[in-house]
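As you go down the protein sequences, you meet chains A, B, C and D in turn. Throughout the first sequence, residue numbering follows this note's numbering, covering 4 to 375 in sequence. Throughout the second sequence, residue numbering follows this note's numbering, covering 4 to 375 in sequence. Throughout the third sequence, residue numbering follows this note's numbering, covering 4 to 375 in sequence. Throughout the fourth sequence, residue numbering follows this note's numbering, covering 4 to 375 in sequence. Even for Gly, the Cβ is constructed at its ideal location relative to N, Cα and C. If you're wondering where the values come from, they're calculated on a predicted model, not measured in any experiment. Notes to accompany the following structure.
4 protein chains.
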Amino acid sequence: MRPIRLALFGGGPGAFIGAVHRRAASLDQRFALVAGAFSRDRDRSRSQGQAWGVAEDRIHTDADALFAAEALRPDGIEAVAIATPNASHFPIAAAALRAGLHVMSDKPMTTTLADARALAGIAAAAPGVYGLSFTYAGYPMIREARARVAAGEIGAVRKIAVDYPQGWLAWPVEADNRQAAWRTDPAQSGIGGCIADIGVHAFHLAEHVSGLRVTELCADLACVVPGRQLDDDCNLLLRFGAVPGVLSASQIATGERNGLRLRVHGADGTIAWDHDRCGELRILRADGAMTTLYAGTGNLGDAARAASRIPAGHPEGFIEAFANLYGDFAEAIGGATAHALPGIADGLRSMAFIETAVASDQARRWLPLEQP
Amino acid sequence: MRPIRLALFGGGPGAFIGAVHRRAASLDQRFALVAGAFSRDRDRSRSQGQAWGVAEDRIHTDADALFAAEALRPDGIEAVAIATPNASHFPIAAAALRAGLHVMSDKPMTTTLADARALAGIAAAAPGVYGLSFTYAGYPMIREARARVAAGEIGAVRKIAVDYPQGWLAWPVEADNRQAAWRTDPAQSGIGGCIADIGVHAFHLAEHVSGLRVTELCADLACVVPGRQLDDDCNLLLRFGAVPGVLSASQIATGERNGLRLRVHGADGTIAWDHDRCGELRILRADGAMTTLYAGTGNLGDAARAASRIPAGHPEGFIEAFANLYGDFAEAIGGATAHALPGIADGLRSMAFIETAVASDQARRWLPLEQP
Amino acid sequence: MRPIRLALFGGGPGAFIGAVHRRAASLDQRFALVAGAFSRDRDRSRSQGQAWGVAEDRIHTDADALFAAEALRPDGIEAVAIATPNASHFPIAAAALRAGLHVMSDKPMTTTLADARALAGIAAAAPGVYGLSFTYAGYPMIREARARVAAGEIGAVRKIAVDYPQGWLAWPVEADNRQAAWRTDPAQSGIGGCIADIGVHAFHLAEHVSGLRVTELCADLACVVPGRQLDDDCNLLLRFGAVPGVLSASQIATGERNGLRLRVHGADGTIAWDHDRCGELRILRADGAMTTLYAGTGNLGDAARAASRIPAGHPEGFIEAFANLYGDFAEAIGGATAHALPGIADGLRSMAFIETAVASDQARRWLPLEQP
Amino acid sequence: MRPIRLALFGGGPGAFIGAVHRRAASLDQRFALVAGAFSRDRDRSRSQGQAWGVAEDRIHTDADALFAAEALRPDGIEAVAIATPNASHFPIAAAALRAGLHVMSDKPMTTTLADARALAGIAAAAPGVYGLSFTYAGYPMIREARARVAAGEIGAVRKIAVDYPQGWLAWPVEADNRQAAWRTDPAQSGIGGCIADIGVHAFHLAEHVSGLRVTELCADLACVVPGRQLDDDCNLLLRFGAVPGVLSASQIATGERNGLRLRVHGADGTIAWDHDRCGELRILRADGAMTTLYAGTGNLGDAARAASRIPAGHPEGFIEAFANLYGDFAEAIGGATAHALPGIADGLRSMAFIETAVASDQARRWLPLEQP
């Protein structure tokens with residue numbers, strides 16, 4: 004199979020997620036990076052593009068110029084990856100979809116639910132595939148968890164707990180840290196801080212694995228580090244219909260790295276997954292025993308098995324999980340419908356979640372989470 | 004030192020916590036069990052008492068008879084341990100205090116805040132020591148955690164998360180299980196189920212280690228197993244002044260045993276403790292490293308060192324933690340003031356917590372937690 | 004049931020294992036400590052005895068006097084616990100057995116195989132029960148492991164690995180530390196240092212759980228800390244017939260506490276147990292999954308279930324494991340034959356192991372381990 | 004920087020390590036795969052080459068033809084990656100070096116020490132860089148461990164223990180499993196089975212991290228699964244001068260995946276690393292505390308920091324470790340001398356280790372490990 008021609012937005016020197024997109028897209032040779040706007044600064048964009056082997060005339064600093072130039076080429080791009088700060092996710096995705104291209108966007112989909120709805124409308128009218136990088140959905144053991152919950156292995160789900168502690172914003176690092184600067188700036192990030200950056204990952208994971216949908220929530224968002232305009236810590240009570248849940252995310256949990264942790268409690272068992280042991284899935288049994296399953300072993304279902312590249316005991320991680328989403332993206336571009344790629348529906352729900360959480364926090368009360 | 008003469012209420016065949024009191028009281032030979040009312044059933048009480056070496060004429064079935072009989076003896080009891088279902092904690096403790104005895108009560112203090120206030124009044128007028136078995140306060144590494152937070156090792160506390168999952172009530176076991184039967188019966192337990200049985204432990208631990216006090220809460224209590232009258236799952240948003248917190252406890256978390264888990268996040272570090280690794284304390288550092296401290300090692304403070312009996316690497320557990328509370332109780336009886344024994348103040352706050360949580364759940368909104 | 008009257012040898016101030024015997028014997032009220040020679044120093048023995056509630060006239064400083072005095076009493080001792088340095092294990096046990104008493108001896112049985120054979124002869128002619136405190140045999144999950152291996156759950160055993168790292172002798176602490184002083188002194192300890200103190204525990208555990216017997220070994224013993232006369236580190240190749248094994252024990256593994264770790268690999272699965280998670284047993288399955296079993300849960304066999312006192316999730320540890328051996332001791336005294344108490348046969352094998360290991364090290368070659 | 008043009012030998016459908024080389028070489032875009040002999044079967048080689056985007060005329064089935072064809076091209080290969088069964092490592096590497104190419108060979112270097120010496124001679128006379136994929140040397144935390152030991156953080160090394168259990172050959176899978184077939188066939192693998200396949204990794208890691216060199220060993224190799232001609236389990240006593248060590252490796256440890264585990268005990272601390280938590284390094288301190296360091300954090304040294312691509316808490320694994328070796332390879336090709344790439348010296352020692360282990364096992368005694 005010929006690799007799909009891809010342009011990348013973002014990923015300039017010092018960026019985090021752009022380079023992840025680059026590696027993930029090429030790990031299984033399903034995509035070839037042929038163009039990009041890696042920075043709004045010409046020199047930075049050019050130096051990054053050259054380092055990645057992109058031809059000089061296909062390196063740009065803004066989306067419009069890139070789309071215009073590529074449209075003229077016989078070997079122009081077929082897909083775009085968006086890894087810019089949040090505020091530009093919407094306009095780039097909208098332009099790409101309108102240009103007939105496929106889109107893999109970093110989350111969040113947009114910075115407002117209104118924009119998300121607008122983008123959903125554009126996507127519905129466009130031929131391209133739209134994928135959203137809820138990375139955790141790419142992990143083999145999350146695929147196994149989802150499949151097992153769906154197959155009834157833990158019985159009816161009765162409680163969901165999800166916890167996502169980080170500590171890297173425990174100090175006012177915004178001045179010196181490009182990653183921190185845009186994430187704590189409402190103009191670039193939108194109305195949510197921690198809730199939009201990582202809380203939404205926790206929310207997505209809870210719904211994705213359990214198959215349930217949040218119907219009500221009560222949020223408590225805090226700006227712990229003085230001077231910050233956006234929340235850096237958030238705690239939420241959830242209801243998935245009658246099923247209770249709790250979600251906690253923080254960027255001021257000093258010393259924590261990226262410890263996303265999910266528990267789905269069912270009538271017949273509990274599913275437990277921790278990001279820092281990403282290749283394991285634990286199932287607590289009603290009889291008191293625990294079964295641990297490992298990535299790469301033969302007792303996993305098809306979805307999980309297809310998501311490992313190397314034998315059990317040889318750890319794969321974040322880049323590989325991301326690459327699994329790019330694998331889904333390639334499958335979807337090829338016409339497959341049975342894939343696990345998060346897309347428009349996930350984006351709409353996640354934007355509704357963020358806005359409802361912010362509103363609940365401000366109102367200090369429970370609010371329904373409307374189906375968008 | 005002569006052991007203190009103790010009577011035990013509760014602890015009949017099939018009971019859990021009564022036998023723990025018995026073993027904990029005698030582990031370090033500070034107390035001698037000389038009397039008791041181990042069951043309301045004469046035969047059960049007698050057979051239990053005999054098995055524990057209690058003289059036949061000091062085995063009773065109710066508190067009044069026991070107090071009356073012991074008062075006549077020159078070698079009568081000096082202290083009582085109360086390990087009965089919740090509803091009798093108050094009357095037995097009140098009678099004991101009025102009789103000039105020392106009291107070690109299992110939690111909760113009473114079944115209502117009003118009773119707790121009444122008991123506080125009685126205690127204030129009585130010569131005896133009143134201790135309350137918030138067991139987790141007896142663990143060496145909890146003592147170390149508390150000391151380190153107080154000493155400023157993690158800086159100002161910024162977030163507290165506490166999680167207490169159990170799974171043993173994931174099914175309607177009430178019919179067959181004595182422990183489950185009284186805990187799910189409002190007449191014996193009071194207005195709270197899970198919140199009063201284990202949620203309150205989580206609450207106490209959070210305050211005990213952090214040194215902060217909950218000022219507001221928003222609770223979501225659920226009766227997950229059909230037919231139950233009391234909550235079997237509870238999730239709460241907390242505020243300790245400006246400091247956010249989250250508390251989750253469950254008795255329907257299938258397959259979970261007793262996984263109490265505390266995280267106290269400070270500006271300079273995070274303290275982490277898990278009951279299933281009770282001899283360890285983890286401190287996450289601002290520089291990204293984690294320090295693990297172990298019970299029995301020389302780098303612990305006085306309080307933790309005094310709470311271990313055997314060298315590092317030789318695990319001690321629940322009975323030993325409980326025995327540490329009995330050690331505090333003995334110290335307090337001996338006149339010491341510098342001990343870690345939870346008492347009247349802890350009991351009042353915990354009852355206020357339970358009642359406020361139930362009220363918040365019913366009102367579906369945040370409520371202040373008044374200082375009782 | 005009336006408690007069995009027990010005398011304790013050793014356990015003076017600063018001792019480790021004597022106090023463990025004291026607590027373990029009384030935890031389940033099967034034994035009452037009524038006499039003892041807690042130290043060879045009169046004041047130390049007396050102060051310890053008083054602290055433990057032993058009557059003044061039953062506190063001694065040597066065994067002969069104690070035996071003589073107790074023999075005259077109508078309520079004299081029925082059993083003795085020996086927790087002195089190694090060199091006196093043999094004479095005290097021999098005298099006690101000859102006096103018709105039951106004996107619970109700390110390991111090792113003696114300091115030479117010849118003495119062990121002599122003691123075996125004495126025991127064979129005596130009415131008393133002889134128990135040897137291979138403590139790890141008292142852990143519930145070791146009982147479960149042994150039962151499952153015996154029942155064929157992991158198939159034919161194919162490899163055994165056992166590792167026992169400690170770090171407390173990583174420095175020349177002998178001058179200041181009573182525990183270290185006798186253990187590093189050949190006159191008190193015998194011909195083995197680390198091999199006799201903890202290597203023998205690892206050896207016993209490997210045989211006890213696997214049911215196999217070591218037939219050949221090749222040992223490498225080292226004196227790592229300069230000036231030491233006895234080994235402080237030992238590594239051994241083992242053969243259990245055709246089945247290979249490896250044993251490593253150390254007292255100079257800096258920072259290690261007491262991390263005994265056993266792996267028994269069978270054709271159908273692997274059994275894994277770690278002392279620092281003593282309430283867990285892991286079974287690695289041929290299909291790549293791992294099952295973790297927990298102490299106190301209902302899916303364990305009779306032996307393990309009988310060895311827990313409190314519900315799952317409430318940790319029990321070393322004292323409780325030791326108390327389980329005392330429970331076996333009480334059962335054996337009562338005439339039971341189906342118990343797990345290590346005794347004469349275990350002692351003989353362990354002494355043969357120590358002597359063969361020392362000889363193999365000196366010869367720098369494989370030696371057969373004779374059945375003693 | 005322009006990517007270096009690379010040919011790959013091996014990596015056909017069903018292979019394990021060939022695809023790892025392919026991904027590792029391209030992950031950081033330092034190499035471009037432009038040619039290869041992916042299988043000796045024409046159709047298999049071609050289909051694999053096409054899937055990886057290699058031009059049809061650069062896909063071969065044997066090394067000679069490939070070298071000849073590439074030598075004629077102006078854009079011919081500059082480097083080769085060898086991922087074939089062991090027996091062809093030597094001839095391909097020799098031919099490549101003689102052709103002036105750079106070589107990254109999978110381990111082992113050759114199948115005999117004599118061949119290794121011959122290859123060393125060839126390499127000494129050739130302009131190309133020779134790298135050997137002792138993968139574990141590519142992990143960030145192994146780089147950190149090595150740097151800290153070298154800097155004296157744990158003091159003088161006193162004991163080394165390394166354990167490498169796998170379970171995938173616990174049954175006679177050779178008939179159906181290509182990976183198993185060649186590894187258990189002396190004609191393709193050489194004189195060692197488990198010892199040459201994974202024992203040698205454990206050996207290399209022990210020397211690489213400790214900086215010490217094995218001077219003597221006593222090996223016990225076993226063929227556990229009936230009918231096997233090569234060892235599938237091996238246990239060794241080691242001496243690094245006066246420093247004792249123990250090495251255990253197995254491919255019949257049922258249910259184990261790939262749990263390489265290293266402990267280096269020094270006078271001032273212990274370094275511990277486990278492959279299944281590859282992003283962590285634990286340092287046990289003399290005071291009884293343990294420090295855990297994490298990949299991607301700022302408290303690591305330069306070597307470890309340069310070996311992470313994404314922030315702490317975002318797991319990287321085996322492919323990334325392998326890519327770090329390719330990064331070293333690229334640096335060495337570019338003329339750098341300060342890199343961590345294992346090469347000729349590592350290969351010679353590892354072959355001497357394998358042959359000495361086999362000889363020691365046959366002789367049933369200790370043998371010196373000569374410096375090759």
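Cβ pair residue i, residue j closer than 9 angstroms
i	j	result
ARG47/B	GLY299/C	no
ALA84/A	PHE137/A	no
GLN182/D	PHE19/D	yes
GLU81/A	HIS63/A	no
ILE163/D	SER213/D	yes
VAL249/B	LEU172/B	no
ALA275/C	ARG264/C	yes
ILE198/B	CYS226/B	no
LEU351/D	ARG120/D	yes
Local conformation of residue i per DSSP, three classes
i	result
THR257/D	coil
LEU287/C	strand
GLU147/D	helix
GLU219/A	strand
PHE41/A	coil
PHE93/B	helix
PHE325/A	helix
PHE332/B	helix
Counterpart residues of residue i in DSSP-defined beta bridges
i	result
TRP171/D	DSSP, once it has assigned bridges, lists no residue as partnering TRP171/D.
PRO247/A	ARG242/A
LEU265/B	VAL165/B and TRP276/B
GLU156/C	DSSP lists no partner for GLU156/C.
HIS34/C	The residue asked about is misnamed: residue 34/C is Phe in this sequence, not His. Paired residues: ILE7/C.
MET107/C	ALA84/C and GLY134/C
ASP236/D	ALA225/D and SER253/D
MET293/B	LEU287/B and THR295/D
Alpha carbon of residue i to alpha carbon of residue j, nearest angstrom
i	j	result
ARG368/B	GLY196/B	20 angstroms
GLN169/A	MET293/A	28 angstroms
ARG26/A	VAL152/A	31 angstroms
ARG101/C	GLU147/B	49 angstroms
CYS221/B	ALA28/B	38 angstroms
GLU210/D	LEU233/C	28 angstroms
Own chain, CB closer than 8 angstroms to residue i, minus 5 neighbours either side, in chain order
i	result
VAL23/B	ALA86, PHE321, ILE322 and PHE325
Same chain, Cβ closer than 6 angstroms to residue i, five either side skipped, listed in chain order
i	result
LEU296/D	LEU284
GLY158/A	GLY269, ALA270 and ASP271
PRO88/D	TRP185 and GLN191
Residues of its chain near residue i, where Cβ-Cβ distance is below 7 angstroms and the 5 sequence neighbours each way are ignored
i	result
ASP349/A	LEU135, PHE137 and HIS207
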